[in-house]
Amino acid sequence: MSIEYVLVSEGEQDEPIELPTEEDGSLLLSTVTAQFAGASGLKYRAGGRLRGLRLVEDRVSPPPGGWAAHRYFCAFPRASAPSPRPRCSDLIVLGLPWKTGEDAVREYFSSFGELLMVQVKRDAKTGLSKGFGFIKFAEYEAQLRALGRRHMIDGRWCDVRIPNSKDGGAAAHRKVFVGRCTESITADDLREYFGAFGQVTDVFVPRPFRAFSFVTFLDPEVAQSLCGQDHIIKGVSVNISTASPKRERDSRSQLLGWGLLDGAAPRVYSWPPEAWPAHSQHSGHAALAPHTPHSAAPDTKPYLKYE
DNA sequence: GTTGAGCGTT
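Be aware that the first sequence starts at 1297, since it is given in the working numbering, and climbs by one per residue.
Structure representation (structure tokens):
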């Protein structure tokens, strides 16, 4: 059997390329992938149906009627192939009452799912709790349920977060600094306003009042897209910038982000434009953040977390 | 009044 050329295209609608067969009449998959990187096999349309070609080792066998009877196109591994579920990480529990031990922590969080690990950190000498601990869930869904909402444990609001030591700085790209805040802008205001741009996973408002806040998004691209902009929230023009220490931000890229290097006028954004009567008393957001303490509990912690 | 509390003896 002599070499012949087979018409192969990447997708069914794409322009075909002639690929040479081997002496035995087979077509090497490596010949296919040389032109169509990532292809895992070949298929063709037979009487309205898709039909796959036999593949053994590197050799694709011709269909029963021979290569010339059809045009072929590539099969690719599923992009959304059985995606390995994200693994659970250790989670830090912050703000535990001094009296709370591992038994109470375990009992509380086991309602979210099976726990693989519970620790309450203690002073080595005194044995007294340091007020934080670590947990690990068996199921990622349980981790998602526990993250990003606050937890009332033994009478105190506690936070569950990915430990700083584990997130590799990824959180920084999802977080923005909101400068020029006034005291009238609450965590709920920020969550509602910025929720229009993407899912907000954390809002930090320092207490006592300081003229800034932090807003963390689920999607780092949302956070990055907002950096450098001015927005009007409840009539207040706030400035959004990257959430990193000041001295690390004094760079050309930041100036570019502000639109100050290419001559563009700084823009002021407001979304939605009519949503913020200047003096509205914020209300009715409990449904958005059902676990937010509001005035229900004396809460000395400076920030509110959501979802 | 423009940069956050606290982060793991093994």
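For glycine and all other residues, C-beta sits at the position ideal for the given N, C-alpha and C.
The beta carbon of Ser-1533 sits closer than 8 Å to the beta carbons of Arg-1476, Asp-1526, His-1527 and Val-1564 from its chain, once the five residues preceding and following it are set aside; these are given in chain order.
With contacts defined as CB atoms closer than 8 Å, Leu-1486 and Val-1511 qualify as a contacting pair.
The Cβ atoms of Val-1401 and Gly-1429 lie closer than 8 Å to each other. Secondary structure of Asp-1419 (DSSP, three-state): coil. Look at the beta carbons and you see the segment 1426–1445 touching the segment 1388–1397: at least three pairs across the two are nearer than 8 Å. Each residue's CA atom was taken as its position, placing Ala-1442 and Asp-1484 some 20 Å apart. Here the alpha carbon of Ala-1342 sits roughly 23 Å from the alpha carbon of Glu-1318.
In this structure, the straight-line span from the alpha carbon of Trp-1363 to that of Val-1472 is close to 58 Å. For Phe-1405, the uninterrupted alpha helix (DSSP H) segment begins and ends at 1398–1405. Per DSSP, the unbroken beta strand (DSSP E) holding Pro-1316 starts and ends at 1313–1316. Residue burial annotation: Glu-1479 is exposed, with fewer than 16 other C-beta atoms found within 10 angstroms of its C-beta. Fewer than three Cβ pairs drawn from the segment 1396–1412 and the segment 1349–1363 lie within less than 8 Å of each other, which leaves the two stretches out of contact.
Given a length threshold of 4 residues, each whole run of the alpha helix (DSSP H) inside the segment 1491–1528 is given here in chain order: 1516–1522. According to the DSSP assignment, Ser-1537 belongs to the beta strand (DSSP E) that extends over 1532–1538.
Cβ-Cβ distances below 6 Å link Gly-1409 to Phe-1433, Glu-1435 and Ala-1438 in the same chain, with the five nearest sequence neighbours on each side left out; the list follows chain order. Taking a C-beta distance under 8 Å as the contact criterion, Leu-1514 and Phe-1493 do not qualify as a contact pair. Using a 10 angstroms sphere on the CB of Ala-1539, the tally of other CB atoms reaches 16 or more, which defines it as buried.
Short of 7 Å from the beta carbon of His-1469, and not among the five residues preceding or following it, lie these beta carbons of its own chain, in chain order: Pro-1516, Ala-1519 and Gln-1520. Only residues of its own chain outside the window of five on either side were considered, and among them Ala-1335 have a CB closer than 7 Å to the CB of Thr-1329, listed in chain order. Residue range 1452–1457 is occupied by the beta strand (DSSP E) that includes Arg-1452. In the three-state reduction of the DSSP assignment, Ala-1375 falls in the coil class, being assigned neither a helical nor a strand state. When only Cα atoms are considered, Leu-1346 and Leu-1324 end up about 20 Å apart. For the set Gln-1309, Leu-1338, Phe-1405 and Pro-1382, the Cα lying nearest the Cα of Pro-1373 is the one of Leu-1338.
Bridge pairing for Leu-1390: Phe-1428 and Asp-1455 [DSSP]. For Ser-1326, the three-state secondary structure derived from DSSP is helix. When Tyr-1301, Arg-1383, Leu-1411 and Asp-1419 are compared, the shortest CA-CA separation from Ala-1365 is found for Tyr-1301. Here Phe-1473 is bridged, per DSSP, to Phe-1510 and Ser-1537.
Residue burial annotation: Phe-1505 is exposed, with fewer than 16 other C-beta atoms found within 10 angstroms of its C-beta.
Here Thr-1497 is buried, its C-beta having at least 16 other C-beta atoms within 10 Å. Arg-1445 carries a coil assignment under DSSP once its states are collapsed to helix, strand and coil. Less than 8 Å divides the Cβ of Arg-1446 from the Cβ of Trp-1453.
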